[in-house]
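Some notes on the structure that comes next.
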Amino acid sequence: MKPIALVLVCLLLGSAAGYGIAYRDASLPNHFGPVTNPEEAWKSIPISEDAPHAVVENGAVFAFGRMELNSVGKHTFVVKNEGKGVLELTMEGTTCKCTMADLEEGDTLEVAPGESTDIKLEWRPKSYSEDFAQTARIATNDPRNSMLELRITGSVVQAILLDPTEVRFTNLAAGETRKATTKVLSFKEEAFEIEDLNVTGDQAELLTATHRPLTKEELEQSNGALAGYQIEVQVKPGLPLGTNRHTIVAHTTSEFAPELEITVTSFIVGDISVIAVKKYDRDKSVLYLNKLKKAEGASTKLFLIVKGPHRDDVSIDVQETFPDFLNVKIGEPESINNGTVRKFPLTIDIPAGVPEGNYLGPDRKDLGKIALSVDGHPQIKEVNIGVYFSVE
């Protein structure tokens, strides 16, 4: 056989063999053991007889069905230790509120053999979605499953509408009582009812909420609502100056929104106001110090401006600071504008070397805090200032 013919034969044989191998591989699933099949990973690891074994009773996925945008979803997963060793659970991360024996993220919970623990998930959708899902990741010392992923799924629908979406009291005088309303409208359930209302938040006793069914005429003006209620909120004197936030929790008969949350925002103004050298948001009552270096610390000043007929009777004291290393000193007041106004200087210091921490929110409870007590004024008893900063 001539050399060129031999080369052609080899090429043909090689192509045929390659095609056969490719056909065989294409007809079989790719399989690399534990890499492509995590359930087999633990099978290659020797499991001691005294190892823990984490089992999520009724499964690690909860399908809640459908819910309304403003409603709150809740579910409790039960994790049981079916092994012979102590099970350790550590919350790693979550896209919703997750509660595990009142522990913080990163803390470890121990579950004895044969015992169970509850892990509670709570979620509030922020937008409408046909495929809504939230997860909580729990690390374990179970060699079969080092990470539990608890998952809730469902759809967020528009069945209940708030009009307006929140209750706002703007420029509410410190000694003033005022009322405002919102409507809760049901577009899918004619038998919709509100069973009770609860107000939550600091000094919630100064707010009251009542409800009544909408009349036939009012429903006719509500763009096709089948049922609805008017909720009336009243704010009494006594809230601190600045912005206050409360929540009305409404328990209903709705399949979509058994629990509704309605935000109430009130901005209290009066004879006492705050001005600052650094950026200060008057509407939010927040002082912005932003990101600070641990080795440097920071210092700034605020001024409390007191006017009105009680200005000469007012005294200011530091009631509380958070975190504790936030140092606040009140200087001697000064009379200005021909005695019609008194100015109290406040020096705020964050010493160098304080622990690292994040006080950037987003919720007000996550900010730093300066609470000042007020004596000598009939309506204003407290001034609260949020402090937005971190130490790195």
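Quick note: the sequence shown uses my numbering, first residue 3, plus one each step. Glycine residues also receive a C-beta, built at the ideal position from the N, C-alpha and C atoms. Just so you know, these numbers come straight off a predicted model, no measurement behind them.
N-terminal and C-terminal residue of the beta strand (DSSP E) that residue i is part of
i: K293; result: 288-294
i: L111; result: 110-113
i: F327; result: Taken as a continuous stretch (DSSP letters only), F327 belongs to no beta strand (DSSP E), as it is neither H nor E.
i: V356; result: Premise fails: V356 is in no beta strand (DSSP E) and is neither H nor E.
i: R126; result: No beta strand (DSSP E) contains R126, which DSSP labels as neither H nor E.
i: Y231; result: 229-237
i: R139; result: 131-142
i: I338; result: 336-338
i: E384; result: 384-393
i: K371; result: 370-377
Minimum C-alpha distance to residue i - residue among the options
i: K345; options: P335, T101, V88; result: P335
i: A53; options: G244, A114, A300; result: A114
i: G341; options: I277, P311, Q236, G95; result: P311
i: L369; options: T349, A354, T323; result: T323
i: A297; options: E358, V58, T254; result: E358
i: G230; options: C98, A138, G203, E192; result: E192
i: T202; options: V235, F305, A175; result: V235
i: I154; options: A65, T92, L228; result: A65
i: T119; options: E59, L291, P127, A161; result: E59
i: T245; options: V276, S392, T217; result: V276
i: N200; options: H55, A175, P215, T249; result: T249
i: Y130; options: I332, G116, A161; result: A161
i: T97; options: D109, P127, F305; result: P127
i: E394; options: Y361, I387, R366, I372; result: Y361
i: E173; options: L291, K371, K286; result: It is Asn, not Glu, that sits at residue 173 in the sequence shown. For N173, the nearest C-alpha among the options comes from K286.
i: A141; options: E132, W125, E94; result: E94
i: L89; options: T255, R284, P145; result: P145
i: D198; options: Q205, D204, A182, P215; result: P215
i: K367; options: V389, T254, R180, Q321; result: V389
i: R247; options: I350, E132, T254, Q205; result: Q205
i: E84; options: E117, D365, A62; result: E117
i: I196; options: K181, E207, F134, I233; result: I233
i: A1; options: V63, G177, M102; result: The shown model of the chain, from 3 to 394, leaves out residue 1, and the question about it has no answer.
i: A227; options: L163, K281, R284; result: L163
i: T137; options: T217, D326, T101, N72; result: T101
i: D133; options: V159, N143, R139; result: V159
i: I274; options: G61, N72, P347; result: P347
First and last residue of the uninterrupted alpha helix (DSSP H) at residue i
i: E222; result: 218-222
For residue j and residue i, believed in contact at Cβ under 8 Å, the rounded distance
i: V81; j: I49; result: Actually they are not in contact, since the Cβ atoms of V81 and I49 sit about 19 Å apart, beyond 8 Å.
i: K309; j: V279; result: So it is not a contact: roughly 20 Å between Cβ atoms.
i: S148; j: R68; result: Contact doesn't hold; Cβ gap of about 34 Å is too wide.
i: L123; j: L91; result: 14 Å between Cβ atoms; not a contact.
i: L152; j: A56; result: Not a contact, Cβ separation roughly 11 Å.
i: R350; j: S392; result: Here the sequence assigns Ile to residue 350, which means Arg is not the residue at that position. The Cβ separation is near 15 Å, so there is no contact.
i: I387; j: L289; result: 6 Å
i: I372; j: L328; result: 7 Å
i: S256; j: E51; result: About 51 Å; that fails the 8 Å criterion.
i: V343; j: I332; result: So it is not a contact: roughly 17 Å between Cβ atoms.
i: A175; j: G108; result: At roughly 45 Å, the Cβ-Cβ gap does not stay under 8 Å, so A175 and G108 are not in contact.
i: K86; j: W125; result: Not really, about 35 Å apart at Cβ, beyond 8 Å.
Return the chain-ordered ranges of every beta strand (DSSP E) run that is complete within the segment 148-214 and spans a minimum of 3 residues. List check, beta strand (DSSP E) in window: 149-159, 162-165, 169-175, 180-188, 196-202.
I'd like to know if the segment 164-177 and the segment 251-270 are in contact, where contact means that at least 3 CB-CB pairs between them fall below 8 Å. Between the segment 164-177 and the segment 251-270 there are three or more C-beta pairs closer than 8 Å, enough to call the two in contact.
Counting beta carbon pairs with one atom in the segment 372-388 and one in the segment 235-245, are three or more of them shorter than 8 Å? At 8 Å Cβ cutoff, the stretches touch.
I'd like to know if the segment 306-322 and the segment 369-379 are in contact, where contact means that at least 3 CB-CB pairs between them fall below 8 Å. Verdict: yes, contact present.
Unbroken beta strand (DSSP E) runs of length 3 or more, entirely within the segment 255-311: which are they? With a minimum length of 3 residues, the unbroken runs of beta strand (DSSP E) contained wholly in the segment 255-311 fall at 261-271, 274-278, 288-294, 300-308.
Restricting to runs no shorter than 3 residues, where is the beta strand (DSSP E) found entirely within the segment 39-98? Segments of the beta strand (DSSP E) lying fully in the segment 39-98: 56-59, 63-70, 75-83, 89-96.
Any contact between the segment 71-86 and the segment 245-261? By contact I mean 3 or more CB pairs, one from each, below 8 Å. Three or more Cβ pairs drawn from the segment 71-86 and the segment 245-261 lie within less than 8 Å of each other, which places the two stretches in contact.
Inspect the CB distances between the segment 208-226 and the segment 184-196 and report whether three or more fall short of 8 Å. Three or more Cβ pairs drawn from the segment 208-226 and the segment 184-196 lie within less than 8 Å of each other, which places the two stretches in contact.
For the pair the segment 347-364 and the segment 209-217, tell me if three or more CB-CB distances fall below 8 Å. Judged by Cβ distances under 8 Å, the segment 347-364 makes no contact with the segment 209-217, as fewer than three pairs qualify.
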